[in-house]
Each structure stands twice: as structure tokens, then as C-alpha cells.
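2 protein chains.
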Amino acid sequence: MNKQQNILIIGAGLCGALLALRLGQRGYNITLIEMRPDLRKVDISEGRSINLAISDRGIKAMKLVGIQNKVKSLCIPMLGRMIHDTDGNTFLSKYSGRDHEYISSVSRQDLTALLMNEAEALENVTLIFNKKCKHVDFENKQATFIDYATKAVSTIQADVIFGTDGAGSSLRKSYYSERKFLFNFSQNFLKYGYKELSILPAENNAYKTEKNALHIWPRGDFMLIALPNLDGSFTVTLFLSYDQGSFNFSNLTTPEMVTRFFEKEFPDALKLMPHLIDDFFNNPTSPLGTIKCSPWHYQDHTLLMGDAAHAIAPFYGQGMNASFEDVVVLDALIENHKGNWETIFKTFSKTRKKDTDAIADLAIDNFLEMKEHVSDPIFQEKRKLEIALEKEFPNKYASKYALVTFNENIGYHEAMTQGRAQDKAILNLLKHKYISFDDDLKSVLKIIKQDTKKIIDKDNLLKNIEEESI
Amino acid sequence: MNKQQNILIIGAGLCGALLALRLGQRGYNITLIEMRPDLRKVDISEGRSINLAISDRGIKAMKLVGIQNKVKSLCIPMLGRMIHDTDGNTFLSKYSGRDHEYISSVSRQDLTALLMNEAEALENVTLIFNKKCKHVDFENKQATFIDYATKAVSTIQADVIFGTDGAGSSLRKSYYSERKFLFNFSQNFLKYGYKELSILPAENNAYKTEKNALHIWPRGDFMLIALPNLDGSFTVTLFLSYDQGSFNFSNLTTPEMVTRFFEKEFPDALKLMPHLIDDFFNNPTSPLGTIKCSPWHYQDHTLLMGDAAHAIAPFYGQGMNASFEDVVVLDALIENHKGNWETIFKTFSKTRKKDTDAIADLAIDNFLEMKEHVSDPIFQEKRKLEIALEKEFPNKYASKYALVTFNENIGYHEAMTQGRAQDKAILNLLKHKYISFDDDLKSVLKIIKQDTKKIIDKDNLLKNIEEESI
Chain R
1 MNKQQNILII
11 GAGLCGALLA
21 LRLGQRGYNI
31 TLIEMRPDLR
41 KVDISEGRSI
51 NLAISDRGIK
61 AMKLVGIQNK
71 VKSLCIPMLG
81 RMIHDTDGNT
91 FLSKYSGRDH
101 EYISSVSRQD
111 LTALLMNEAE
121 ALENVTLIFN
131 KKCKHVDFEN
141 KQATFIDYAT
151 KAVSTIQADV
161 IFGTDGAGSS
171 LRKSYYSERK
181 FLFNFSQNFL
191 KYGYKELSIL
201 PAENNAYKTE
211 KNALHIWPRG
221 DFMLIALPNL
231 DGSFTVTLFL
241 SYDQGSFNFS
251 NLTTPEMVTR
261 FFEKEFPDAL
271 KLMPHLIDDF
281 FNNPTSPLGT
291 IKCSPWHYQD
301 HTLLMGDAAH
311 AIAPFYGQGM
321 NASFEDVVVL
331 DALIENHKGN
341 WETIFKTFSK
351 TRKKDTDAIA
361 DLAIDNFLEM
371 KEHVSDPIFQ
381 EKRKLEIALE
391 KEFPNKYASK
401 YALVTFNENI
411 GYHEAMTQGR
421 AQDKAILNLL
431 KHKYISFDDD
441 LKSVLKIIKQ
451 DTKKIIDKDN
461 LLKNIEEESI
Chain W
1001 MNKQQNILII
1011 GAGLCGALLA
1021 LRLGQRGYNI
1031 TLIEMRPDLR
1041 KVDISEGRSI
1051 NLAISDRGIK
1061 AMKLVGIQNK
1071 VKSLCIPMLG
1081 RMIHDTDGNT
1091 FLSKYSGRDH
1101 EYISSVSRQD
1111 LTALLMNEAE
1121 ALENVTLIFN
1131 KKCKHVDFEN
1141 KQATFIDYAT
1151 KAVSTIQADV
1161 IFGTDGAGSS
1171 LRKSYYSERK
1181 FLFNFSQNFL
1191 KYGYKELSIL
1201 PAENNAYKTE
1211 KNALHIWPRG
1221 DFMLIALPNL
1231 DGSFTVTLFL
1241 SYDQGSFNFS
1251 NLTTPEMVTR
1261 FFEKEFPDAL
1271 KLMPHLIDDF
1281 FNNPTSPLGT
1291 IKCSPWHYQD
1301 HTLLMGDAAH
1311 AIAPFYGQGM
1321 NASFEDVVVL
1331 DALIENHKGN
1341 WETIFKTFSK
1351 TRKKDTDAIA
1361 DLAIDNFLEM
1371 KEHVSDPIFQ
1381 EKRKLEIALE
1391 KEFPNKYASK
1401 YALVTFNENI
1411 GYHEAMTQGR
1421 AQDKAILNLL
1431 KHKYISFDDD
1441 LKSVLKIIKQ
1451 DTKKIIDKDN
1461 LLKNIEEESI
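Quick mapping for you: the protein sequence lines, in order, are chains R and W.
With my numbering applied, the first sequence covers 1 to 470.
With my numbering applied, the second sequence covers 1001 to 1470.
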């Protein structure tokens, strides 16, 4: 393996910074280049702290680069969903029956800064800021950048180029526009947008509502969520239709209407949000979309990773975790195919895609679950039962949520297949009262396992029949 | 309705020329602009006549503009698929049990020229050639063109702009790149490419093989087809994997290998193709893809139609027919919503898409059917049975093929739903020997109808359950 190889990584977000750190640890010469200013020096979030949920797949990547303890100090554990009804009543729906299974709120900015610091501490890693990639000549392994301040254009040549430049990836745009190979691509937007709001800290950085939970106000057609920050604040996100329903982003045009909407739907949240109107009208409404494409690589020259390859909706809290897992998967391939970038890239592009396609679809599942089902009695019964099963049989049962979020040693696709079948089985069994929470748990587990297997077998059979009978 | 409105149509292919003719007949001032030279004056097909299959949906559009008789004189009826096995044996599998149901081979060039002549005969229609659209400023209803010869750049302003500029549509690219609204888009390529070849006429423009059929050499992983031309020749198309299987486009690199491939797989065709090697190495290998997007319109300014909105694989022979049907559907909306372009465009974009999505999926179905199943005994038994049913009960039974191809008064989506369920029912009944060709046809029809209904009901139920249980 030629350790003197020069690697260019375009985009120093979470995925790019982690990749730079890991490949730097492996001894490559790394240039990590970012279009925005250095977020460790300039506040680029315009005063708002945007947070994310990190879970076991992400933690596994932190362990790979040896910074899990540093990351832990940035994390606020969230043990479950705190559901808020329209009367302001709340109850906690735990994420798992196993006490060590929870997700954590972490600041995007703090975590990115940590990864940058760790990468920059390596002498073979160089970070460059304020240079926007205009185009990647992937045939000749050259990328062209424009400097934000001077407008100067420069070109960087490398042995290998990674595009970790997010949903608007310039490497992906170059694949698309140059038409030098057959590039499959899709972008699909939801009819919902989102807007970030905030709950400010109480005195002495105290939390105005439960700190260790992900708060949800599920309302069927829309929802509000809130995640805690280290400074006592919460970042609140409103997910709402652009133009459907009584209230939507198109008709919430005056402070009076916004206040009326929150009074009716989120009265307890409104009390904690004296800045609601300012937030609402100062902050942008942003779209929610899914991007899929293939192949991700071009020969042994270039590779897309993270959101650049597979941007997903945020509802499973797995966007960052999936991008971090990309690095773990790639790292294992680098280990197995020392320096053979074409094999590494081809294998990565081929085997990883079924998992990132799965988490994209699961994210849409979870949107429906969060905005509708978490407040539905039969769904709550299911969750109660699953938590009991996980507590009673910690090694024998894991819910779909647990499979996706806490089982980093199986892929998203397997988690989806098993998890969806379980959900179907349990909801059906509860609906027809074949099982209930008061039954013997051991026999309930047995029935669920049987029905789940039947559903998976039937789905496989159907797939085969359909392939036969087209 | 303001008849003095100026309408710009970008792209004078089949769809654009038909649209210009129809809107011209309605009295609008039409500018139809095309990037290529006038195909009535310059031979732009490089000596090869490329033909298409026209069927009832296309014919309906020809009737709308009153040129069905002129079109008929360009057509060669194809009554069924002439299947060729590897020993050179052939048999005809008819398209329908009703004698008036067949498809016709027609030259793309002749048909486009006819539509152009008819449009140009109207004083309110102007045709412009050799101007390539670079960009559409859809907010300001302006399109920018570059002249091929002079390189001069010009801008055309219009009240309404249509993009009928094919799979590489510049209007669609402007929607995508300007990001002024949420534009869903996907492009997906098959792992197969195609190459056009030819069978030249015998003496006195005689046909070297059966004239009134679509010839197919189905070989499982690949296939060859041939459609007749008026001059006695056939246009032959090879569909083959880019890089899978013993023979593929990547490894057919020498005349010897191409000859060996044809000797082994298509010996009877090879005898009719003394120019095979020249054709093979002179003609390009082209990709097969599907493009879907939405919305197709922007306010009351612009609308995508035809391949620009929904490019599909060619295997159902419905690409042109679907584009022509677009014009029929749009024309009915224009009739109903006199001059209200926003309503017309919105309704078109919303209601038409389920049908063009369906024909895109059906085209992939038919690829599998053509390359694999037409030579399968159980598939042949099914076709024999369906033909008998169509003959015996002409008003009571129509196969999937007939629903899609000959039933222009139901949409593609309905044809797909009904047709797929029928196929599944019949194949299942034949496989388990619940019905046979020797049974009483009346009772066979009854069983098929029952099972088809069961499958459709179950699919609907499954859809509901899945929506419930996610």
C-alpha cells in the first residue's frame, strides 16, 4: 500500500471530517477542503444550535477513531419519546426495555469541531476553508475551487478524491452533468417542510422541561419535536405541510395566525417559547427530501459518501449515523483490499447501497409513526408490550426501533426486513386480540416470533412469484 | 380565450410537431423550434430508417388532428410477434384474437415530416430549425437559443412555453438547475444497451422475411427484434447487456466475435444480414433509461410533455403513443378550461402522471416478457388461450397487451392493474392445471375473471393494510 498517496476530501462536514481523521490515522496525505468558514472560529449557525441524535452506529465510528469518550462529554442522553398531547399532558415512551439503549442529543457544531481538531492534530492532514468546489474533473482526478474572499480559482490534483459535500454535492453534480457513464439519480421531496424554533434555558442554564427525552407533539398531519442542548436550551423543529390542511407554511403568514396555531395545537410548548414569533419569521422554511444515486464511484478515482451519496429525511435520527457508518464500512474494505481503490470503491458502492436505501425508506416510515401513531392507543399498547419483552428477554427480542438504532452489527436492510415484519405481526395480533399485555410474556414472544417468520417467508415467496409471473 | 396568445414549443419531434398542429388548429400563434436541421430537407438519420410501432392511442391522436388516412398510407400492419428459435424455426403469436387489433410499423422520419407539413400549412404556425435551446427562464417565459451555423444567441418571449424536447429536455434541465421550486426527478438506466442493425430489401423492394409481423429472437438474457420498412428493408435492433453474460457489448469487439455470436444465437437472421459487421461497428451502442419527474408545469408559464416529462424504455412500443396521448389529454383539458392555463397545466400534471408512470413500468414488464417468456411453453399456452378467448368473446375479454395497446379509452394505469392481475391469475391456473386449453372456454373465462377479481381485491386490501400498519 502506497501510504504517500494524496487524498482530497471535498466537504468538511461530519462525514468528511471523520473520513479525514480515519484516513489520516491510516497514514495517507489528506487535504480536507470546505466551502464555509472554519466553524471553530466563526459562528456559522447564526446563533442557533442545531442538534442531532447520535446512536450506536455513530458511536461505533467514534470508537474506530478512538474519540468515544470525548464525544460522550458532548452528549445528552434521551431515554425515550416524551409525548405531549393537546391538553399539555405528557408521558414517556422509552426507546428500549434495555437500560443501556438510548440515543443522545449532540450539537452538530461541537461534534464537527471535535472531529476537525482530531484530524488537524495529525501532521499528514491539512484543512482548507472558504473554498467552494465548482467542478470535479473525475477522469483526470482534478477538482476546481473558487475562494469566497478573493474569488481566485484554483485546482487540486489528487490520487483519490472523496465527495463528502452533502446533499448538494458538486462531485455528484459532475457525475450527473458530464454524462461519461450511466448515472442513476433521483431526488424526491416530501410535501412537508421544516422550521427550527427554540426553547431558551431557564435561569442558571436549567432546562424548562424534561432534559433526558426527545419531546414530541404528534398531531397526525404535522408535529413538533424538541431536543436538549448542553446550555439548557432546546432546539425545536416544526414539521408541517407546505400547503395542505387548516394550518400550513403557506397560510401561517401573520404573528396572530402562528400564535393561534400554537395555542390550539401546542399550548404547553407555547408557554416555553416567548420568542416563537421572532423565530418563526426569522428562520427559513426548509425542504425535506431523499436523494438516491448509483454508482457512487468512478473507477479508482472518486467516491461519494454520506449525504452526497444518500441524503435522507431526518425522522429516524439516522442521517449522521448512516454517514458515520459509511466510514466504518469503507475502513473495513480498505483493510481487506490494501490500496486497491477500484475494488474498495466498487464493493462499497455495490454492497452499501441496499442499507442506505433501507434507512431512507425507514425514515419515511418513522415520520408516519411519529406524527400519527405514537398517539394511537394500539401503537402505544404495542410499544408497552415491546418494552416489556425487551426487559424480560434482553437477548431474545429487539423492536424495529432497537434493530435500527442499537444493533450496529446488522445492516439497515436486515433491520428493516425484520422490523417491519414484527410491527405487522404485533399490530395484527393486538388488533384481533390474539395477544394482550396481560398474557404470559413467554408465550406472547413465541407467537410474535412465529407470525413474524410467517410474514417474512410470505414476503419472500411473493417476491419470487412476482418475479416468475411478470 | 385569447386566441392571439403566442405559444412557443421547444422541440419539433413527434410530440412537438403534433402539439403545434393541434394548437395551431385551435387558433393560437405557434412558434415551433428545433435544434436539428429540417428532416424533410436533410437526411439526419444517416441512411438508416428508424421505425416505430403505432397503435390505437397514437391513432386516436391522428384522428383528433384529422390525418389518420394520411398516416395509414405510411403504415405496415404487424399482426403479431414472429418468434424465431435458435434453429431458425418460426411461429406467429398474434397480438389479439380480434382481427382489427394489430400494431403498425411506421418511419419516425416520415411521420414527423407529415406532422410538420400539416402544421406548417397553417398560417399561424412557424417552424424554425437549427436553433438549440440553451436555457429557459421559466419565471419570465423566455427561452434562449443558439444558432448552430452562426452561433448567434437569440431569445424568444412567449405567453406560454411547452418543452417537447425529449429525454434531454432543456426546459426540464432548467427546472432542475434553477431550484425555484421543489422538483422531483429520477433517471434510471437498464444494464442493457441497444444497437440498430438492418436487413436490406430483396430485389424489387421485396421483403426477405415475413412483412406483416414484428420479428423477435428471444434468448433469455438478450434479444433481437426486427420491424418492416416501406422500402422492403427491416430495421433490426439488438438488446444486450453492457457487461454481463457470455456475449455482451463490452466483449463483442471483433468481427469474428460478432459473427460467432450471431451464428450461435441468430443463424437465420445472420443469413439475411450480409452487412452485419459494418452495421455493428458503425452504429452506436445506446443506453436504455427511464425518466420520471414532477411537477411538469410551472404556474401558467411552462409545461413539459412527451419524453421530456416521461422518457420510457421502448419495449411496449408505447413511447410515441404515450406522447401522442399526452396531446389528446391536454386538448380535452384546453376544451374544458378555456384559456385558464394554470388549471390546464396543474390538472394535466396531476392526473396524467399515474398513467405515464404505469407505461414506464409496463415497458420493463414487457422487456422481461419479450426476452424470456415468449419462448416459454406455459407463456405460449397462456397466449393461445387468451387469443381464443378474445376470438370467442370479443367484447368480454382483453389481454394485458390488448388493454395497453388497443383500448385507448382506458388509461395505462387501469390497463396495468387489470392486465397484471389477469396474467397472474392465468399463469397460476395453468401451472396448477386448474384450467387447460381443452376446457369449455366459457367456464375458463369465468374462472379467470373470478381469480383476477380476487387478486385485484387482495392487492387493494394489502395496500390498505400496509398503509395502516407502517
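Cβ coordinates follow ideal geometry from the N, Cα and C atoms, glycine included.
The model shown is predicted, which means the values in this text are computed figures rather than measured ones.
With a threshold of 6 Å on Cβ separation, who are the neighbours of Asp1451/W within its own chain once the five nearest residues in sequence on each side are excluded? Once the five neighbours on either side are set aside, the close Cβ partners of Asp1451/W are Ala1425.
Does the CB of Leu1182/W have a neighbour CB from chain R at under 7 Å? Yes, Leu1182/W lies at the interface with chain R (some Cβ there is under 7 Å from its Cβ).
Would Asn251/R count as contacting chain W if we go by Cβ distances under 7 Å? No, Asn251/R does not count as interfacial toward chain W.
Could one say the Cβ of Gln1318/W lies closer than 7 Å to chain R's Cβ atoms, at least one of them? Residue-level contact by beta carbon fails for Gln1318/W and chain R, as no gap is shorter than 7 Å.
Beta carbon proximity, Gln187/R to chain B, threshold 7 Å: Structure shown: chain B not included; protein chains present are R and W.
Other residues of its chain near Ala1309/W: CB distance less than 6 Å, five sequence neighbours each side excluded: Around Ala1309/W: Trp1296.
Let me check understanding here. Comparing Cα to Cα, which of Leu1122/W, Ser1170/W and Ile1448/W lies closest to Glu1307/W? According to the sequence provided, residue 1307/W is Asp. The question's Glu does not apply to it. Among Leu1122/W, Ser1170/W and Ile1448/W, the Cα nearest to that of Asp1307/W belongs to Ser1170/W.
Three or more beta-carbon pairs under 8 Å between the stretch 236–253 of chain R and the stretch 176–195 of chain R, yes or no? Touching, yes.
Any C-beta of chain R sitting closer than 7 Å to the C-beta of Pro1228/W? Proximity of Pro1228/W to chain R, defined by a Cβ-Cβ separation below 7 Å, is not satisfied.
Does the beta-carbon of Pro77/R have 16 or more other beta-carbons within 10 angstroms, so that it is buried, or is it exposed? In summary, Pro77/R is exposed, with fewer than 16 beta-carbon neighbours lying within 10 Å of its beta-carbon over all protein chains present.
Residues of its chain near Tyr176/R, where Cβ-Cβ distance is below 7 Å and the 5 sequence neighbours each way are ignored: Within the same chain, Cβ atoms closer than 7 Å to the Cβ of Tyr176/R are found at Phe183 and Phe185, the five residues on either side in sequence being excluded.
Distance check for Leu111/R and Met1/R, CA to CA, integer angstroms please. Confidence is the limiting factor: at Met1/R the pLDDT is only 47, short of 50, which leaves the residue's position unreliable, though a coordinate-based value still follows. Going from the Cα of Met1/R to the Cα of Leu111/R covers about 31 Å.
Taking contact to mean 3 or more Cβ pairs, one atom from each stretch, closer than 8 Å, check whether the stretch 1216–1234 of chain W and the stretch 1083–1100 of chain W are in contact. As far as the Cβ criterion goes, the stretch 1216–1234 of chain W touches the stretch 1083–1100 of chain W, which means the pair count is three or higher.
As assigned by DSSP and simplified to three states, the class of Gly1080/W: DSSP, reduced to helix, strand and coil, places Gly1080/W within a strand of the structure shown.
Mark Gly411/R as exposed unless 16 or more other C-beta atoms lie within 10 angstroms of its C-beta, in which case mark it buried. With 16 or more Cβ atoms within 10 Å of its Cβ, Gly411/R is classed as buried.
Span of the beta strand (DSSP E), counted from its first residue to its last, around His1135/W: Residues Lys1131 to Asp1137.
Quick one: using the 10 Å Cβ neighbour count with 16 as the cut-off for buried, is Val65/R buried or exposed? So Val65/R ends up on the buried side.
Who are the neighbours of Pro492/R on chain W, taking C-beta pairs under 9 Å? Because chain R in this structure spans residues 1 to 470, residue 492/R falls outside the shown range and cannot be described.
Relative to the alpha-carbon of Met1370/W, which residue among Ala1313/W, Met1273/W and Leu1333/W has its alpha-carbon at the smallest distance? Looking at Ala1313/W, Met1273/W and Leu1333/W, the one whose alpha-carbon comes closest to that of Met1370/W is Ala1313/W.
Would you call the stretch 48–60 of chain R and the stretch 157–170 of chain R touching, i.e. three or more CB-CB distances under 8 Å? Of all C-beta pairs linking the stretch 48–60 of chain R to the stretch 157–170 of chain R, fewer than three are shorter than 8 Å, placing the two stretches out of contact.
With a CB to CB cut of under 6 Å and the five nearest residues on each side skipped, what residues in its chain are close to Gln4/R? Excluding residues within five positions, none has a Cβ falling inside 6 Å.
Just tell me which of Ser198/R, Leu230/R and Ser174/R has its CA closest to the CA of Asn204/R. Looking at the Cα atoms, Leu230/R is the closest of the given residues.
Go through its chain and collect everything with a Cβ distance to Asp484/R's Cβ below 8 Å, but skip five positions before and after it. Absent from the structure is residue 484/R, since the part of chain R shown begins at 1 and ends at 470.
Mark Ala158/R as exposed unless 16 or more other C-beta atoms lie within 10 angstroms of its C-beta, in which case mark it buried. With 16 or more other Cβ atoms within 10 Å, it is buried.
Using the DSSP secondary-structure output, state which residues sit across from Ser971/W in a beta bridge. Any property of residue 971/W remains undetermined from this structure, which presents chain W solely from 1001 to 1470.
Beta-carbon separation of Cys1015/W and Ser1323/W under 7 Å? Contact: yes.
Have a look at Pro1037/W and Glu1342/W and give me their C-alpha separation to the nearest angstrom. Approximately 33 Å between the Cα atoms of the pair.
Run through DSSP, which three-state label would Ser186/R get? Three-state DSSP puts Ser186/R in a strand.
Does any residue of chain R have a CB that is nearer than 7 Å to the CB of Val1329/W? With 7 Å as the cut-off, Val1329/W does not count as an interface residue toward chain R.
Using the C-alpha atoms, what's the distance from Lys1094/W back to Gly1317/W? Cα to Cα, Gly1317/W sits roughly 15 Å from Lys1094/W.
Could you check if Ser375/R is buried or exposed, using at least 16 other CB atoms within 10 Å of its CB as the buried criterion? By the 10 Å Cβ count, Ser375/R comes out buried.
Separation of Ala421/R from Lys453/R, as counted between CA atoms: Using only the alpha carbons, I get a separation of about 8 Å.
Apart from the five residues just before and just after Phe1379/W, which ones in its own chain have a Cβ nearer than 7 Å to its Cβ? Once the five neighbours on either side are set aside, the close Cβ partners of Phe1379/W are His1373.
With a threshold of 8 Å on Cβ separation, who are the neighbours of Ser233/R within its own chain once the five nearest residues in sequence on each side are excluded? Cβ within range, chain order: Ser49, Ser198, Ile199, Leu200 and Pro201.
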